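Residue numbers (my numbering), protein chains in the order written: chain P, 950 to 1309; chain V, 464 to 779.
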């Protein structure tokens, strides 16, 4: 078991190094001088030399790559944003929780609807419910997320105005609502810029967790109302893909000998489907769920832009329009590494779901 | 004891027993797939719309109607059949923010999107399968290096990598096309490499090699025909996601630039007006969805047709 875990973790290392090399190369390929990009067109030669020396830009490329890797991996230092002149890592602490919350909510919706829909489709193959689900899934994977988001916003914020179904079309909390961070509510004395402070700040930026920790129910309700539309929009593509893979994986398993044997034994149909079939159909479903994390991150750029969510996706969009390269580079790295790590966890979970795997 | 074997002339074979090529079998099966028929029908209609855009569209897609017709900015659709007064000019999808006929722009957008889909994936298939073939053929450390590099590209969510590439190349439709082609290369490289690895030791390839066939002949005459089915399925499905991604890039302002009638660009430039003029967002989005759906359905259909085992489990 531990050997399997160790080997899988080891496999992720070269990929993460590869990601850093690729993003470093991309950053170096950007046309224009990094100094004028950071200090402006009118930077003097002396100022540029000082800047290049401070940033290590006068070193050979391989040394620069080494410095970059050391800063990112060991210190979590991604440099400073050009537009805001503040560390990108601080921006990550502010914004990553927003995206995580949105992504988790979307994935939860996608799994909660996609998996049961796929199971029912497989069990009632070729019934009306199966045909409708599969048509829905086909449309779901073909739908532009941002279009769905805009349409949802129009329906729920404009057409359903003055009804109980009204939902806010943008923002994360109603303007003026300032939640107390849990560490202040609990009376913790934290000094700024310490690790404990940064971690606490990260957690307090998870609006839903923070409002539960501090019993601010009005904030919780407000945050949830703001989260529904973007999360639903973001969940469609993963939901459709999860429903399709659940259906095909279940169909495959339901035709197996051991399912027939279970039925012959007189096990109830419900037990056959949920215990015998679903458990064996889980591997492909979990693999696909892990792969959806990439779709969610990409979708977050679009969804957050539409719904005015100040998460990583929105920051990435702003950085693209403002040509803020350190931010683009850092966020791409963080998202790609997050994607690799999630899929590593998915692979590790195989060993728990299917005990045969760790023996190989 | 000598036995006499009768020569069997082609006429004596029962027509139903006559052997058919895999290609014709697949096409016959394809036309029995509901998915494929729907996808193929939509795609044919889209291709016709793309070819005959100038005949179908009532206006030039970039024509500003100020001073030509009495229309308002972002005017709602006016359809004569649905009670719009006959004396007003008909604009079935309304007028956009620059006083242009939205319907004509959506029609011309078909050309742009189909071009994006075919050109990006065409490029990715060619480059990807060459890389995969070389990698599989060479084997050893070269194969290892090439495939690990492909793994790294696959480790990025493709849309984000496309964004990163565009920040280097600069925005614009052409650069968006390159970016999407690049992020799609690894899939085809992997598929082609797998085919090369599984086929290169088989007898018919070994026989060809023994007869002195060059590596190129082996690749194009022996391996490629056998790898083609999986490549075609993947390419069809990839076209769907390429169109979706290109539209998303244009929506963010990174792809096609105004006044190009591209659906994502049209959506992006009017997104802040969705509450007052939803028609300007609704129609381009529907157009994207129908086009992507057509390729998805066709791709699923071809896959089922090529794999009879799969077709049976999904049908029965």
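Cβ coordinates follow ideal geometry from the N, Cα and C atoms, glycine included. As the structure is a prediction and not an experimental result, all values here were calculated from the model.
First and last residue of the uninterrupted alpha helix (DSSP H) at residue i
i                       : result
residue 575 of chain V  : 565-601
residue 767 of chain V  : 742-769
residue 1115 of chain P : Premise fails: residue 1115 of chain P is in no alpha helix (DSSP H) and is neither H nor E.
residue 689 of chain V  : 687-714
residue 1175 of chain P : 1166-1203
residue 1248 of chain P : 1227-1256
residue 1075 of chain P : Segment: none, residue 1075 of chain P is in no alpha helix (DSSP H) and carries neither H nor E.
residue 729 of chain V  : 726-732
residue 735 of chain V  : First-last for residue 735 of chain V: undefined, no H or E at that position.
residue 1092 of chain P : Neither: residue 1092 of chain P is in no alpha helix (DSSP H) and is coded neither H nor E.
residue 1150 of chain P : 1144-1153
residue 967 of chain P  : 951-978
residue 517 of chain V  : 516-519
residue 1159 of chain P : 1156-1162
residue 494 of chain V  : No alpha helix (DSSP H) holds residue 494 of chain V; DSSP gives it neither H nor E.
residue 997 of chain P  : 994-1003
residue 1138 of chain P : From DSSP, residue 1138 of chain P is part of no alpha helix (DSSP H); its letter is neither H nor E.
residue 1015 of chain P : 1010-1024
residue 1207 of chain P : 1206-1213
Opposing strand residues paired with residue i [DSSP bridges]
i                       : result
residue 1036 of chain P : P:1029
residue 554 of chain V  : V:541
Beta-carbon spacing of residue i, residue j below 8 angstroms
i                       : j                       : result
residue 1256 of chain P : residue 1179 of chain P : yes
residue 1106 of chain P : residue 1113 of chain P : no
residue 718 of chain V  : residue 705 of chain V  : no
residue 756 of chain V  : residue 697 of chain V  : no
residue 1250 of chain P : residue 1265 of chain P : yes
residue 570 of chain V  : residue 516 of chain V  : yes
residue 1034 of chain P : residue 1027 of chain P : no
residue 1236 of chain P : residue 1295 of chain P : yes
residue 489 of chain V  : residue 769 of chain V  : yes
residue 714 of chain V  : residue 1095 of chain P : yes
residue 1192 of chain P : residue 1067 of chain P : yes
residue 1014 of chain P : residue 964 of chain P  : no
residue 723 of chain V  : residue 636 of chain V  : yes
residue 702 of chain V  : residue 580 of chain V  : yes
residue 1097 of chain P : residue 1185 of chain P : yes
residue 1050 of chain P : residue 1162 of chain P : no
residue 1045 of chain P : residue 1261 of chain P : yes
residue 577 of chain V  : residue 765 of chain V  : no
residue 1248 of chain P : residue 1291 of chain P : no
residue 1270 of chain P : residue 1263 of chain P : no
residue 557 of chain V  : residue 551 of chain V  : no
residue 725 of chain V  : residue 560 of chain V  : no
residue 619 of chain V  : residue 1285 of chain P : yes
residue 1047 of chain P : residue 1121 of chain P : yes
residue 630 of chain V  : residue 1274 of chain P : yes
residue 672 of chain V  : residue 681 of chain V  : yes
Contacts of residue i in chain C (Cβ-Cβ under 7 angstroms)
i                       : result
residue 1087 of chain P : Of the protein chains in this structure, namely P and V, none is chain C.
Counting pairs of beta carbons, one from the segment 584-603 of chain V and one from the segment 633-651 of chain V, are three or more of them closer than 8 angstroms? yes
Hey, is the segment 1271-1281 of chain P in contact with the segment 969-979 of chain P, meaning 3+ C-beta pairs nearer than 8 angstroms? yes
With a threshold of 8 angstroms, are at least 3 pairs of Cβ atoms found where one atom belongs to the segment 1148-1156 of chain P and the other to the segment 1118-1133 of chain P? yes
Does the segment 510-527 of chain V touch the segment 561-575 of chain V, meaning 3 or more C-beta pairs lie closer than 8 angstroms? yes
If you pair each beta-carbon of the segment 529-540 of chain V with each one of the segment 729-742 of chain V, do three or more pairs fall below 8 angstroms? Yes, they touch.
Spell out a yes or no on whether the segment 1189-1207 of chain P and the segment 1059-1078 of chain P are touching, meaning 3 or more CB-CB pairs, one atom from each, closer than 8 angstroms. yes
Alpha helix (DSSP H) segments (min. 4 residues) lying fully within the segment 1270-1308 of chain P: 1274-1302
When the Cβ atoms of the segment 680-695 of chain V are set against those of the segment 655-662 of chain V, are three or more pairs found closer than 8 angstroms? Segments in contact, yes.
If we require 4 or more residues per run, which alpha helix (DSSP H) segments fall completely within the segment 596-675 of chain V? 603-618, 621-632, 636-662, 666-673
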